[in-house]
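For reference, the structure discussed in these notes is given below.
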Amino acid sequence: MSYDANRITELLAQLQNSSAFQNTVTPNPSSQTPVQQPENTDIGASINHTLPAAQSNTTPQASSTPSIFELLSRLNPDAAPSGLTEPPRPSPVPESSQQDATTAPRPVSGAPPALNLRYMTVQQALPHISKLVQGAEFRDKIKRMQDRQNLLEQSLYSDQQEVLTKHEERVGYARNRATIIGVPLSDKENEELASQLAADLKKFHQGRLLVAWDAQRTKQQKEMEALGVPCMFVTSEQAAIQRQQKVLRILLESINESEDME
Numbered sequence: 298m299s300y301d302a303n304r305i306t307e308l309l310a311q312l313q314n315s316s317a318f319q320n321t322v323t324p325n326p327s328s329q330t331p332v333q334q335p336e337n338t339d340i341g342a343s344i345n346h347t348l349p350a351a352q353s354n355t356t357p358q359a360s361s362t363p364s365i366f367e368l369l370s371r372l373n374p375d376a377a378p379s380g381l382t383e384p385p386r387p388s389p390v391p392e393s394s395q396q397d398a399t400t401a402p403r404p405v406s407g408a409p410p411a412l413n414l415r416y417m418t419v420q421q422a423l424p425h426i427s428k429l430v431q432g433a434e435f436r437d438k439i440k441r442m443q444d445r446q447n448l449l450e451q452s453l454y455s456d457q458q459e460v461l462t463k464h465e466e467r468v469g470y471a472r473n474r475a476t477i478i479g480v481p482l483s484d485k486e487n488e489e490l491a492s493q494l495a496a497d498l499k500k501f502h503q504g505r506l507l508v509a510w511d512a513q514r515t516k517q518q519k520e521m522e523a524l525g526v527p528c529m530f531v532t533s534e535q536a537a538i539q540r541q542q543k544v545l546r547i548l549l550e551s552i553n554e555s556e557d558m559e
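Numbering (this note's numbering), first residue to last: 298 to 559.
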């Protein structure tokens, strides 16, 4: 610790001129025989002659003058008196910690979650359909799917016509036989022919038409879902299928309108 020499000299002068210092260095008349001082002796000489006796026989008195520690503290304000220490100050909290403690976490901003294409309503699907039909490649894929469906429908129709043709052949054979023998077909024979036709049609529908149609529908659902068509996914739920049919009808109409405008 370093001190300013001029500052030390100034403080020592204040100390010598203070009343507390004079009381300390001047002997008490009641407890000590006064020492005769020569005339014309200055204050400095008197202090030099009487200082040893005063230090051995007197006790400093309390005064309002600054203490040594206070004087030293004036020399170096940052220095504390010996034996006295300030309580440790808490370490400053980093700014990041203060901000974390006082500032509530802010929610991450972002775009709202996108709607699930599968479960859109028909109204919600309209903007997506309008955007999809603008692509020529998308329109070509839908048209090819439609062509395959038309071919399947024609094939199933032909198979059903074969069942009806066989029934007409049976009815014609029965009528020809009745004409030859001269006896018209009875009600029982007509009912048997009608029952045979119903059985043949039921067999065709359950074993051929419905199986082929379900396979075609599942294939189309997968393909259109892959193309991003709303409401399209593999399902057999009636409400979902009805919604898909509405979307498909709107889709085909939009494709036709876009082609007419080109």
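Ideal placement from N, C-alpha and C gives every residue a C-beta, glycine not left out.
CB of LEU449 within 7 Å of CB of GLN517, strictly:
Not closer than 7 Å, so no.
So the candidates are VAL526, SER455 and PHE530; which of them puts its Cα closest to the Cα of ARG436?
When each option's Cα is compared against that of ARG436, the closest is VAL526.
In this structure, how does DSSP classify LEU498 when only helix, strand and coil are distinguished?
Correct three-state label for LEU498: helix.
Backbone secondary structure at ASN413 - three-state DSSP:
In the structure shown, ASN413 adopts coil according to DSSP, grouped into three states.
On the three-pair Cβ rule with 8 Å, is the stretch 535 to 551 touching the stretch 411 to 430?
Touching, per the Cβ criterion.
Tell me whether MET562 is buried or exposed, calling it buried when 16 or more other Cβ atoms sit within 10 Å of its Cβ.
Because residue 562 is not part of the residues shown, which for the chain are 298 to 559, the question remains open.
Are the stretch 415 to 427 and the stretch 480 to 492 in contact at 8 Å, needing three or more beta carbon pairs?
Too few Cβ pairs lie closer than 8 Å, so no.
Determine the closest residue to SER452 out of ARG505, SER533, THR515 and GLU534, with distance taken between C-alpha atoms.
With distances taken between CA atoms, SER452 lies nearest to ARG505 out of ARG505, SER533, THR515 and GLU534.
Indicate the three-state DSSP secondary structure (helix, strand or coil) for THR560 in the structure shown.
The structure shown has nothing for residue 560, since the chain only spans 298 to 559.
The alpha helix (DSSP H) enclosing GLU534, as first and last residue numbers:
That residue, GLU534, is in no alpha helix (DSSP H); it is neither H nor E in DSSP.
Three or more beta-carbon pairs under 8 Å between the stretch 528 to 547 and the stretch 488 to 508, yes or no?
With the cut-off at 8 Å, the stretch 528 to 547 and the stretch 488 to 508 do not touch.
With burial defined as no fewer than 16 other Cβ atoms inside 10 Å of the residue's Cβ, what is the status of ILE340: buried or exposed?
Confidence at ILE340 is low in this model, with a pLDDT of 39, below 50, so the placement of that residue should be treated as unreliable; the coordinate-derived value is given next. By the neighbour-count rule (16 or more Cβ atoms within 10 Å), ILE340 is not buried but exposed.
What would DSSP say about LEU482, mapped onto helix, strand or coil?
In the structure shown, LEU482 sits in coil (DSSP, three-state: anything other than H, G, I, E or B).
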